[in-house]
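In numbering that gives the first Met the number 0, the protein residues as written are 0 to 418. C-beta: ideal position from N, C-alpha, C; glycine also. Given the structure is predicted, the values throughout are model-derived calculations rather than measurements. Report on the following structure.
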Amino acid sequence: MDFQIADRQRKRRVRRLLLAGGGAATLLAVFVLLGRIGPGAPEVDRSVVWTGVVERGELVRQVRGPGSLQVPPEQIRWLAAETRGRVEERRVLPGTPVEEDTVLLVLSNPELEQQTREAELQLRAEEAELRRLLDQTRSDLLEQRNAAGQLAASSSQARRRADADRKLFEAGLVGELIHRRSQVSAEELETRHALEEERLSILADSSEAQVASKEATVARYRAVLELRRRQLAALTVRAGRAGTLLEVPVEVGQEVSPGENLARVADPRELKAVLRIAETQARDVEPGQPALVDTRNGVVEGVVSRVDPAVREGTVAVDIRIAGELPRGARPDLSVDGTIELDRIPDALHVGRPAYGQPGSTVGLFRIAPDGETAERVTVELGRGSVNRIEVLAGLAEGDEIILSDTSAWDSWDAIRLR
Numbered sequence: 000m001d002f003q004i005a006d007r008q009r010k011r012r013v014r015r016l017l018l019a020g021g022g023a024a025t026l027l028a029v030f031v032l033l034g035r036i037g038p039g040a041p042e043v044d045r046s047v048v049w050t051g052v053v054e055r056g057e058l059v060r061q062v063r064g065p066g067s068l069q070v071p072p073e074q075i076r077w078l079a080a081e082t083r084g085r086v087e088e089r090r091v092l093p094g095t096p097v098e099e100d101t102v103l104l105v106l107s108n109p110e111l112e113q114q115t116r117e118a119e120l121q122l123r124a125e126e127a128e129l130r131r132l133l134d135q136t137r138s139d140l141l142e143q144r145n146a147a148g149q150l151a152a153s154s155s156q157a158r159r160r161a162d163a164d165r166k167l168f169e170a171g172l173v174g175e176l177i178h179r180r181s182q183v184s185a186e187e188l189e190t191r192h193a194l195e196e197e198r199l200s201i202l203a204d205s206s207e208a209q210v211a212s213k214e215a216t217v218a219r220y221r222a223v224l225e226l227r228r229r230q231l232a233a234l235t236v237r238a239g240r241a242g243t244l245l246e247v248p249v250e251v252g253q254e255v256s257p258g259e260n261l262a263r264v265a266d267p268r269e270l271k272a273v274l275r276i277a278e279t280q281a282r283d284v285e286p287g288q289p290a291l292v293d294t295r296n297g298v299v300e301g302v303v304s305r306v307d308p309a310v311r312e313g314t315v316a317v318d319i320r321i322a323g324e325l326p327r328g329a330r331p332d333l334s335v336d337g338t339i340e341l342d343r344i345p346d347a348l349h350v351g352r353p354a355y356g357q358p359g360s361t362v363g364l365f366r367i368a369p370d371g372e373t374a375e376r377v378t379v380e381l382g383r384g385s386v387n388r389i390e391v392l393a394g395l396a397e398g399d400e401i402i403l404s405d406t407s408a409w410d411s412w413d414a415i416r417l418r
């Protein structure tokens, strides 16, 4: 009896051990299977992703950037102060159309007014001195000419007498002493006449030099007076050209120095667009490329006229010459957007630009399956890019639909499910 009880207890222990071992093996198998099975693909609401379809055809490469309308430098006229002065009046406000003779500012300078009066008096004094010198030199020349003329007459008379005495001497009618005396007298008068003629020539040259010197002094004082008068007239600042007054950077009562800018006038009908293109996109921009400028009131055509060689704050300034007529409301410093056409690729595989797809890079993009329920990551090689399109070199085929929006949240997944 005891033997039977012991046997039953032994069989019960064996059965328990077998059950425990089977349970442990089953649990181990479950753990192994769970370890081999990866996490399930995440589900994404299709309405929150942005997709695009790969197409084949012409790809227009463009770059875009913000900017503003500006007046070309050759159309701007800065009005600078010619002398020191004080602003007394501002007669025109910025934005007002002006004509060439429109008075913009009135300045005052009492010191300049005094200098102008002194220059007038000095000029009058020098002109009077010039007139006195002319009269004096004219009188001296007349006196010298008179003296030279008297000697010429005396010399001529003495020469005739000497010739007559020579003939009488040769005929034996007069003595040798009389002949020699008349001959010496004629030669003496001829010498004196030659000296007076030379003195007359010297006096004429000297008088001419004195008059020329005084005339130069008068011209110098006249130039000083003209300068003072021009500076005095410049205290009334006029536009100098027809256009629009853009800026008056001075206020009433302000002291201004020579060369300081007082106003800026330009013709607002002649405007250019200056776009700020990102430095990474500006490498292919060249003069002569067509462009479109959006002024918010209309789009006008233009042509790239200049590309700034320097980079400022990560952008390159590009000047666009407007080819057509600007729409109403266009004015200097108006904010605009511009698009520049770089070139055209006639037959290219292209798609919308992914969020992180840069030209010439290789990226991983999610390609949507034909059933539209799943998307699988594929490696895509990108080529040249445009504003919102980019060339596909490898990894996609025409008609493939891909996710273009930011997929960085799923970088650790090779596939996602769309709902």
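- Here the C-alpha atom of residue 52 lies approximately 12 Å from the C-alpha atom of residue 369.
- In this chain, the beta strand (DSSP E) harbouring residue 289 covers 289–293.
- Between residue 405 and the set 303, 354, 92, 284, the nearest pair of CA atoms involves 354.
- Of all C-beta pairs linking the region 204–215 to the region 94–111, fewer than three are shorter than 8 Å, placing the two stretches out of contact.
- DSSP lists 263 as the bridge partner or partners of residue 77.
- About 5 Å separates the Cβ atoms of residue 59 and residue 343, confirming a contact at the 8 Å cut-off.
- Residue 333 has its alpha-carbon roughly 56 Å from the corresponding atom of residue 216.
- Here the alpha carbons of residue 238 and residue 89 stand approximately 13 Å from one another.
- For residue 253, same chain residues with a beta-carbon under 8 Å away, outside a window of 5 residues either side, are 85, 86 in chain order.
- Taking C-beta atoms as the reference points, residue 338 and residue 386 count as a pair closer than 8 Å.
- When DSSP reads this structure, residue 132 sits in no beta bridge, so it has no partner.
- Leaving aside the five residues that flank residue 392 on each side, the residues in its chain whose CB is nearer than 6 Å to its CB run, in chain order, 380, 382.
- Each of 203, 169, 158 was checked against the Cα of residue 181, and the nearest Cα belongs to 158.
- Under the three-state reduction of DSSP, residue 338 is assigned to strand.
- In the three-state DSSP reduction, residue 115 falls in the helix class (H, G or I).
- If the five residues before and after residue 42 are omitted, its C-beta is found closer than 7 Å to the C-beta atoms of 416, 418, all from its own chain and listed in chain order.
- Between the alpha carbons of residue 121 and residue 272 lies a gap of roughly 55 Å.
- Listed in chain order, the alpha helix (DSSP H) elements of length 4 or more contained wholly in the region 152–240 are 175–233.
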